[in-house]
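Using our numbering, the letters of the sequence shown map in sequence onto residues 269 to 455. Glycine included, every Cβ here is placed at the ideal spot set by N, Cα and C. Here is the structure we will look at, set down as structure tokens.
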Amino acid sequence: RSGNRDSATAPADLFSCKDGRAIYIDAGTDQLFRSLCGLMDKAMIADDSRFNTNDARIENLPSLQAVIEGWTNSQKLEDVINALRKKGIPYSEVNTVDEAIKNPLYFDGGMILSTVSGNGDTVRVPGMAMRFSETPGQVSMGAPMLGQHTGQILEEVCGNDADEIANYISENTVAVYHDPMARSRNG
269 RSGNRDSATA
279 PADLFSCKDG
289 RAIYIDAGTD
299 QLFRSLCGLM
309 DKAMIADDSR
319 FNTNDARIEN
329 LPSLQAVIEG
339 WTNSQKLEDV
349 INALRKKGIP
359 YSEVNTVDEA
369 IKNPLYFDGG
379 MILSTVSGNG
389 DTVRVPGMAM
399 RFSETPGQVS
409 MGAPMLGQHT
419 GQILEEVCGN
429 DADEIANYIS
439 ENTVAVYHDP
449 MARSRNG
């Protein structure tokens with residue numbers, strides 16, 4: 269298992285920063301690795317036999333990651349980004365959930381959608397990750413409330429009648445969602 273790490277090149281993985289943020293750094297070529305070593309003030313490790321080739325870096329990955337994480341842990345995300353950008357080293361900051369759901373690029377690309385939840389609130393939900401020309405997929409509703417479809421499932425899928433369902437509910441065998449606004453909406 270490699271997690272977020274690229275199993276073919278090193279270093280290419282997530283690293284933590286001083287401010288608790290994370291960044292993905294991909295310096296898997298010899299040239300990029302040498303640049304990364306220089307900006308970390310660790311130029312000498314680029315020539316170390318444990319790290320001077322991609323195969324050697326993969327073989328000694330825990331030691332290499334400790335060196336890089338030591339550098340990223342000593343700096344804020346913004347400082348790491350600025351340093352990597354100046355050296356042309358590929359990176360990607362890891363967005364927090366709050367940043368992701370507010371990023372207009374995710375909305376424009378259809379990766380985050382607004383829909384109505386089971387209780388009528390407008391919520392943001394993940395869009396369709398896979399898109400095909402013949403079956404593009406869609407999000408037709410938000411997540412239901414806990415128990416919102418219990419009665420319907422018991423009746424239509426399980427074949428229970430209204431008395432059986434009422435018995436399950438009264439015995440707390442199943443949970444059903446009771447909309448607190450239904451009474452005020454329906455009179």
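Separation of residue j from residue i, as counted between CA atoms
i, j, result
"V407", "M379", "11 angstroms"
"A311", "L304", "8 angstroms"
"R302", "M398", "37 angstroms"
"R273", "E367", "23 angstroms"
"P404", "P394", "15 angstroms"
"L414", "D298", "53 angstroms"
"V335", "V365", "28 angstroms"
"S438", "N428", "15 angstroms"
"V362", "E402", "33 angstroms"
"K355", "A411", "45 angstroms"
"I357", "L300", "6 angstroms"
"V348", "S331", "20 angstroms"
"F319", "V384", "53 angstroms"
"N454", "N440", "Any reading at N454 needs caution, since the residue's pLDDT is 44, under 50, leaving its predicted position unreliable; the model's value is listed next. If you take the alpha carbons of N454 and N440, they lie about 26 angstroms apart."
"D315", "F400", "47 angstroms"
"Y436", "V425", "15 angstroms"
"T321", "S275", "14 angstroms"
Start and end residues, alpha helix (DSSP H) containing residue i
i, result
"P534", "With the chain covering 269 to 455 only, the question about residue 534 has no answer from this structure."
"V335", "329-340"
"E361", "From DSSP, E361 is part of no alpha helix (DSSP H) but of the beta strand (DSSP E) over 359-361."
"E346", "345-355"
First through last residue of the beta strand (DSSP E) which encompasses residue i
i, result
"Y292", "290-294"
"L282", "280-284"
"V393", "390-394"
Under the three-state DSSP convention, the category residue i falls into
i, result
"E424", "helix"
"T297", "coil"
"I380", "strand"
"R325", "helix"
"S438", "helix"
"S303", "helix"
"E367", "helix"
"D431", "helix"
"R318", "coil"
"G419", "helix"
Whole-angstrom C-beta distance between residue j and residue i, which should lie under 8 angstroms
i, j, result
"P279", "G296", "7 angstroms"
"I291", "L345", "6 angstroms"
"Y445", "Q416", "4 angstroms"
"L352", "I293", "7 angstroms"
"E418", "A443", "Rather than Glu, the amino acid found at residue 418 in this sequence is Thr. With a Cβ gap of about 6 angstroms, T418 and A443 count as contacting."
Closer than 7 angstroms: residue i CB and nearest the ligand ADP heavy atom
i, result
"K286", "For the structure depicted, the ligand ADP is absent and the ligand set is empty, with no information on it obtainable."
Stretch-stretch touch, CB-based, cutoff 8 angstroms, three pairs: the region 324-333 with the region 388-397 = no
May I ask you to verify whether the region 280-294 touches the region 340-348, counting CB pairs closer than 8 angstroms and requiring at least 3?
-> yes
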